[in-house]
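Step one of this worksheet: look at the structure below.
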Amino acid sequence: MKRREFLKKAALAPGALAALSLGCGRERTASGKRVIVLGVDGMDPGLLESFTSRGLMPNTARLMEMGGFRRLGTSNPPQSPVAWSNFITGAPPPVHGIFDFVHRNPETMIPFLSTSEVTPPDSTLDIGSLRLPMSGGGVKLLRRGTPFWNGLLDRGIPVTMVKLPVDFPPPPENTRGLFLSGLGTPDVRGSQGSFTFFTDDPRSITDDTGGGVVIPVRDYGDGCYKCRVDGPANSLLADSPTMSVEVRAWIDRDSRAVRIDMDGDSIVLGEGQWSPWMRFSFSALAGFSTVHAIGRFYLKEASPKLKLYLTPLNIDPENPALPISSPDWYAGDLAREAGLYYTQGFPEDTKALSRGIFNDDDYLSQAEIVFDERMSLFHTALSRYREGLLFFYFTSLDLNVHMFFRSMDPASPLYGQVEPRFRGVIADLYSRMDIAVGEAMELLDSRTELILLSDHGFAPFRRSFNLNSFLAAEGFASIAHPYQRNSDMFACLDWAGTGAYGLGLNGLYVNLAGREKDGVVSASDRSGLMVHLKRSLESAVDPLTGERPVKNLYILEDLYPGVEMPPWAPDMLVGYSRGYRASWETTLGAFPEEVITDNMDPWSGTHCISPDECPGSLVTTVQDVPEGITLTDMGALITRELTS
Amino acid sequence: MNALFDVLLYPFRTLDPLWGMMWISALTGVIMILIFKRTSNQHAISELRRKMGSRALGMLLYLESPATVLKLAGGLIADNFIYLWHLLRPMLVIAVPFVLVAAQLDARYGYLPPGEGRPHTAVIRWESSLPSALGDPVSGELVSPVLTVADSLEKSFSFTGENGLFTMDDPAFKTGSSGGAGSVVVRGAEPGGIFASILRPWNAVSPPGVRSVKVYLTPADYGVLGGRWSWFAVFLVFSSLWAIAGAVVFKVKV
Chain A
2 MKRREFLKKA
12 ALAPGALAAL
22 SLGCGRERTA
32 SGKRVIVLGV
42 DGMDPGLLES
52 FTSRGLMPNT
62 ARLMEMGGFR
72 RLGTSNPPQS
82 PVAWSNFITG
92 APPPVHGIFD
102 FVHRNPETMI
112 PFLSTSEVTP
122 PDSTLDIGSL
132 RLPMSGGGVK
142 LLRRGTPFWN
152 GLLDRGIPVT
162 MVKLPVDFPP
172 PPENTRGLFL
182 SGLGTPDVRG
192 SQGSFTFFTD
202 DPRSITDDTG
212 GGVVIPVRDY
222 GDGCYKCRVD
232 GPANSLLADS
242 PTMSVEVRAW
252 IDRDSRAVRI
262 DMDGDSIVLG
272 EGQWSPWMRF
282 SFSALAGFST
292 VHAIGRFYLK
302 EASPKLKLYL
312 TPLNIDPENP
322 ALPISSPDWY
332 AGDLAREAGL
342 YYTQGFPEDT
352 KALSRGIFND
362 DDYLSQAEIV
372 FDERMSLFHT
382 ALSRYREGLL
392 FFYFTSLDLN
402 VHMFFRSMDP
412 ASPLYGQVEP
422 RFRGVIADLY
432 SRMDIAVGEA
442 MELLDSRTEL
452 ILLSDHGFAP
462 FRRSFNLNSF
472 LAAEGFASIA
482 HPYQRNSDMF
492 ACLDWAGTGA
502 YGLGLNGLYV
512 NLAGREKDGV
522 VSASDRSGLM
532 VHLKRSLESA
542 VDPLTGERPV
552 KNLYILEDLY
562 PGVEMPPWAP
572 DMLVGYSRGY
582 RASWETTLGA
592 FPEEVITDNM
602 DPWSGTHCIS
612 PDECPGSLVT
622 TVQDVPEGIT
632 LTDMGALITR
642 ELTS
Chain B
-4 MNALFDVLLY
6 PFRTLDPLWG
16 MMWISALTGV
26 IMILIFKRTS
36 NQHAISELRR
46 KMGSRALGML
56 LYLESPATVL
66 KLAGGLIADN
76 FIYLWHLLRP
86 MLVIAVPFVL
96 VAAQLDARYG
106 YLPPGEGRPH
116 TAVIRWESSL
126 PSALGDPVSG
136 ELVSPVLTVA
146 DSLEKSFSFT
156 GENGLFTMDD
166 PAFKTGSSGG
176 AGSVVVRGAE
186 PGGIFASILR
196 PWNAVSPPGV
206 RSVKVYLTPA
216 DYGVLGGRWS
226 WFAVFLVFSS
236 LWAIAGAVVF
246 KVKV
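Same order as they appear, the protein sequences are chains A and B. Following the numbering used here, the numbering of the first sequence begins with 2 at its first residue and continues without gaps. Following the numbering used here, the numbering of the second sequence begins with -4 at its first residue and continues without gaps.
Right, dumping it as structure tokens:
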């Protein structure tokens, strides 16, 4: 090559590289039709009607006039993982395999998350304390069945699903759509969201580990608190020790502020202030392997005591430690445009409020951050959307109504404790959702349809029903160790004398011989026992209110005759009446003394009741929507609109 | 150095920062290879490479004779050390401009100027005594209380910038940049001196009474071929590519 030729080509090379770099991240177009689906978890049809008629949701009211408003049949049980799986697969739980948030392995009686599981490597190479994975291992989606969008992708129709529930880990890259996982995505510790609370206030330090950890810290007189932030387990070492990093919190009690110093970054916070997302790096094997995470600090109090909250450590979308999007780059691409965002499936920290780490103000300030981030993602998704299917998921309504139903329910045992200024929280949320609806409506034209749907509605949760305690009181379960009644995982039970047990939010199981680890009920006695249980539960009466806590007890074999159930499926589903729900103790297999108690947890709204009591909502521009439509029909409806 | 790089990058101030970086990388790559040619023993390197090639070939030819292969391998290892010795002088010479260029690029492309969104933090450390209060910002906004750590004579605060800048009068201090792409992003201050200004061009001179200022800005990264890269990775790859190309064009034995 001549020198002049070389110089000419060299001058062009950067341009070619820049052009290549600009070419990444664009959606391709294939067909002209468009369907925008706003999946709003927990949008209740009753509240929707009320708020639209009061003029709080003008855009939604306009959408109702354009198309229609219906109650959308939900799943049984009406829990979000079950309902969204119905939506995704167009099939009921026996097909997609999700029956509850929690399932149990009947051979071990150990509960597990129903939507995904982490599998250890098949083989490892152990060198001293080193444990190097050689094959297998990873994260597996437990939802079965075929997603309705596969048919769209096969036809070349673009599909974008942002914050899609029950889709962690996302489908492999070769499915061609764009997917960002939503509900079900864990934090980097593998939990569904575990906060860290640093404090030198001994009153805050309890053994209750639900939802997070409280870590005692101390100022040794220099105004510096050394705070250890625990990350994920180091699976490359024997015994998988927890990886951690140290951050230093410098306190100034006069100005009621804290400066948080961490590797390469620092932030000063006054009381009541949130930090931006801070990046954490957990190093395994001296930096050869690093897990990246993001978290936000909140200074609740600097003086007289330090109360410093750290959000669950979220998977960093720009350096994901686990797959949260498909293709891999999609999560980071969105973050670069919309800003960093909560990647965990349950972003609002309801546990921090339930445990008293947050008060209502703290919680709402965090919920606002979540909503603003989600809106920013929504704007980005809308601005990139050209054609095909765009599904966007909002979780805020669900989790906030769970926590603030008490603010609008005079019959709630907590209603009197809610400050009057919080009475309008739910109405505010609905009207903020209406803004999103309005923004989506701006894209409406002759080739675009808009669908606003929810997976279920809502009901008050005033009284807690201790299902297992009821079973024990009625002789269906036998307690061998009364002092362990409040321990989880059936610690107090005498399995030999137990015919049935409750686990999860709606599941009721027969202690079946040959299936359960210590099963005693023979196959021939099973049906009779279930009928007996149905009669007994449906006739139970709350002595305080005179109401029946259980509206329906569904026997799965009656719901799905002739269908073979997977071994983790419950035998029965408890359909609670409005106002009632399984107690938190029931969900993990405890047996408190009282059968029915007032629900004194801020988690005061529920939908884990009889499905006919909490249908979802459907508001859409789509015409000819069949009567009695349910979530399982939505995929077919969307496909029809995009392909006809 | 600052003035030289300001002039070199002036045409790129309104373009994507990648263009300025590519220009400096190209210039650096070609200049480095020319320096290498000038400061290295080209004849010796050429001879040595030939010798190493013949030893490698010999190893392939005498595979059936382990003793010969071992002897040739030993020679090859010795040649490698000789090669490293030949590289030493040019590398020492090249290290000087390389450090200067790297410092300049880090100052200009390493961090993002403070914007209006994400807050950043400044830690100001005084020489002897702390002032009772700080002045109000001239541009940008304080978004936190001012925190004092008396033992270490420091005050710190978080702020947001305005048009890429945060400035205050008391103490007289500025961070960020307002000169467009490729301008120095000031992210601290220190007492000054010739070496400090050459090796850490991102630092301004400390205002009177102030020992140092440290500002935590957001590291910048750049999108190239679908990935996100630090300025150093971009510079290393591009300057290496240009150096290789330069070696071919200018017939440099490396």
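Beta carbons are placed, not taken as given, at the ideal position from N, Cα and C, and that holds for glycine.
8 Å CB neighbourhood of residue i in its chain, flanking five on each side removed
i: B/Thr155; result: Pro109, Gly110, Glu111, Gly112, Arg113, Pro114, His115, Gly135, Glu136, Val138 and Phe161
i: A/Glu420; result: Asp361
i: A/Arg29; result: Reliability of the predicted coordinates at A/Arg29 is poor, the pLDDT of 41 falling under 50, and the value obtained from them is presented with this limitation in mind. Pro159.
i: A/Met442; result: Asn60, Arg63, Leu64 and Leu451
i: A/Asp329; result: Glu174 and Pro321
Residue-level contact to chain B via CB, residue i, 8 Å cutoff
i: A/Gly267; result: The displayed chain sequence assigns Ser, not Gly, to residue 267 of chain A. So, interface residue.
i: A/Gln345; result: no
i: A/Ala258; result: yes
i: A/Trp330; result: yes
i: A/Asp253; result: yes
Rounded straight-line distance, which links the Cα of residue j to that of residue i
i: A/Lys34; j: A/Phe379; result: 20 Å
i: A/Glu558; j: A/Gly576; result: 15 Å
i: A/Leu335; j: B/Phe7; result: 28 Å
i: A/Pro203; j: A/Ala250; result: 18 Å
i: A/Trp651; j: A/Met263; result: Absent from the model: residue 651 of chain A. The displayed extent of chain A is 2 to 645, so no value can be given.
i: A/Ala428; j: A/Leu48; result: 9 Å
i: A/Thr651; j: A/Phe592; result: Residue 651 of chain A cannot be examined here, being either before or after the span of chain A that is shown, 2 to 645.
i: A/Ser136; j: A/Ser236; result: 14 Å
i: A/Asn87; j: A/Phe372; result: 25 Å
Among the options, the one whose alpha carbon lies nearest that of residue i
i: A/Leu165; options: A/Leu154, A/Trp150 and A/Thr75; result: A/Trp150
i: A/Ser618; options: A/Pro46, A/Val36 and A/Leu39; result: A/Pro46
i: B/Pro142; options: A/Gln80, A/Met65, A/Gly224 and A/Asp168; result: Sequence check: residue 142 of chain B is Leu here, not Pro. It is A/Gly224.
i: B/Gly183; options: B/Ser201, B/Leu148, B/Phe190 and B/Gly174; result: B/Ser201
i: A/Phe283; options: A/Ser136, A/Glu443, A/Arg516 and A/Leu314; result: A/Leu314
i: A/Cys1; options: A/Lys518, A/Ser455, A/Ser465 and A/Gly515; result: Here chain A has residues from 2 to 645 only, and residue 1 of chain A is not among them.
i: A/Pro568; options: A/Arg516, A/Tyr561, A/Ser528 and A/Ile610; result: A/Arg516
i: A/Ala287; options: A/Trp585, A/Glu369 and A/Leu131; result: A/Leu131
i: A/Glu66; options: A/Thr53, A/Ala501, A/Leu390 and A/Ala84; result: A/Thr53
i: A/Glu548; options: A/Trp278, A/Tyr555, A/Glu319 and A/Arg579; result: A/Arg579
i: A/Ser78; options: A/Pro95, A/Gly68 and A/Gly69; result: Before going on, a small fix: residue 78 of chain A reads as Pro here, not Ser. Nearest option by C-alpha distance: A/Pro95.
i: B/Phe31; options: B/Trp226, B/Phe233, B/Ala97 and B/Leu87; result: B/Leu87
i: B/Met27; options: B/Leu148, B/Ala97, B/Ser49 and B/Tyr104; result: B/Ala97
i: B/Ala167; options: B/Leu212, B/Ile77, B/Val133 and B/Leu10; result: B/Val133
Beta-carbon proximity list for residue i, same chain, < 7 Å, skipping 5 on both sides
i: A/Arg71; result: Leu619, Val626 and Ile630
i: B/Gly130; result: Met163, Asp164 and Asp165
i: B/Phe230; result: Met16, Ser20 and Leu100
i: A/Gly152; result: Thr640
i: A/Pro134; result: Pro122 and Thr125
i: A/Pro173; result: Ser327
i: B/Met(-4); result: Leu95, Gln99, Ile193 and Pro196
CB contact check: residue i to chain A, cutoff 8 Å
i: B/Pro6; result: no
i: B/Thr155; result: no
i: B/Asp146; result: yes
i: B/Ala142; result: Ala is not the amino acid found at residue 142 of chain B; the sequence shown has Leu there. Closer than 8 Å: yes.
i: B/Gly183; result: no
i: B/Tyr104; result: no
i: B/Tyr211; result: yes
i: B/Phe152; result: yes
i: B/Gly221; result: yes
i: B/Ser207; result: no
Cβ neighbours of residue i in the same chain (closer than 6 Å, five flanking residues each side left out)
i: B/Lys248; result: Gln37, Ile40 and Ser41
i: A/Phe405; result: Val426 and Ile427
i: A/Gly508; result: Asp101 and Pro571
i: A/Ala339; result: Ser377, Leu378 and Thr381
Exercise. What are the residues of the stretch 207 to 228 of chain A that lie near chain B, defined by any Cβ-Cβ distance shorter than 9 Å?
Worked result: Listed in sequence order: Asp223, Gly224 and Cys225.
Exercise. For the stretch 267 to 292 of chain A, which residues have a beta carbon sitting closer than 7 Å to at least one beta carbon of chain B?
Worked result: Interface annotation for the stretch 267 to 292 of chain A against chain B: Ser267, Ile268, Val269, Leu270, Gly271, Gln274 and Pro277, criterion Cβ-Cβ distance under 7 Å.
Exercise. Which residues, taken in chain order from the stretch 113 to 127 of chain B, show a beta carbon closer than 8 Å to some beta carbon of chain A?
Worked result: Under the 8 Å Cβ criterion, the stretch 113 to 127 of chain B contributes Arg113, Pro114, Thr116 and Val118.
Problem set entry | Contact residues within the stretch 225 to 237 of chain B, judged by C-beta distance below 9 Å to chain A | Phe233, Leu236 and Trp237
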